[in-house]
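Note sheet for the following structure.
Numbering (the numbering used here), first residue to last: -5 to 203.
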């Protein structure tokens, strides 16, 4: 076996990958699984909050996986980003200030900035690694980080909201599933903070698992 072959084999060692296939099997989704053929692992690290895997698949382009759960694929991420963003923004008569909680990959932020009426878009994600790695590997999603209307905070979204009252026209929660760092974003106290941070007539959109 050549050195290059051995190197390629070592590159795809990860608990979710066996015989060149990524497998997502979760107790949250009993009776089903997601599998994708792995072309190449691009990055793997364990941040302060979660296990991060980024790989290139044969059919879906670059794939972002957090704690062994697929978050987005290059091929079809637009469907999720567009729906969670544009339904909320188009439901508001004149949205000017938008907050994104989570969404460190930048996809929702990209869609928000397609609305010319937006004057300020704030993104708050707890994990700097997601922002950093998305800029490197998910360039099409993270492009709006350079936009002059954007402000980025690396903080706990729950704690971040505690500082705001009657501030935002639209708040979009683009979180991972309700385990680990995102667990508090699915509980009643968080939704109370969302309500308090909205201006009158404001709109909330949130990821549902």
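Note that CB positions come from ideal geometry on N, CA and C, so glycine has one too.
Predicted model only: the values in this text are computed from it and were never measured.
Since residue i contacts residue j with CB under 8 Å, what's their CB separation in whole angstroms?
i	j	result
residue 101	residue 66	7 Å
residue 114	residue 75	Not confirmed; about 19 Å, so no contact.
residue 14	residue 31	6 Å
residue 168	residue 78	6 Å
residue 144	residue 117	7 Å
The beta strand (DSSP E) spanning residue i covers which residue range?
i	result
residue 137	Careful: residue 137 lies outside any beta strand (DSSP E) and carries neither H nor E.
residue 122	Per DSSP, residue 122 belongs to no beta strand (DSSP E); it is in the alpha helix (DSSP H), 122 to 131.
residue 112	Here residue 112 belongs to no beta strand (DSSP E), and DSSP marks it neither H nor E.
residue 168	162 to 168
If we count the other Cβ atoms within 10 Å of its Cβ and call it buried at 16 or more, is residue i buried or exposed?
i	result
residue 147	exposed
residue 184	buried
residue 187	buried
residue 29	exposed
residue 52	exposed
residue 111	exposed
residue 156	exposed
residue 26	exposed
residue 89	buried
residue 135	buried
residue 138	buried
residue 61	buried
residue 191	buried
residue 0	Low confidence applies to residue 0: its pLDDT is 43, below 50, so where it sits in the model is not reliable, and the reading given next is rough at best. Its Cβ having fewer than 16 others within 10 Å, residue 0 is exposed.
residue 154	buried
residue 197	buried
Could you tell me which residues DSSP pairs with residue i in its beta bridges?
i	result
residue 102	Looking at the DSSP assignment, residue 102 forms no beta bridge with any residue, so it has no partner.
residue 188	In the DSSP output, where bridge partners are listed per residue, residue 188 has none listed.
residue 27	Bridge partners of residue 27: none, in fact.
residue 118	95 and 147
residue 282	Any property of residue 282 remains undetermined from this structure, which presents the chain solely from -5 to 203.
Hey, does residue i have any beta-carbon neighbour from chain C nearer than 8 Å?
i	result
residue 157	Annotation note: the requested chain C is absent from the structure, which comprises a single protein chain.
Can you check the segment 31 to 98 for any alpha helix (DSSP H) of at least 4 residues that lies completely inside it and give the ranges in chain order?
71 to 84
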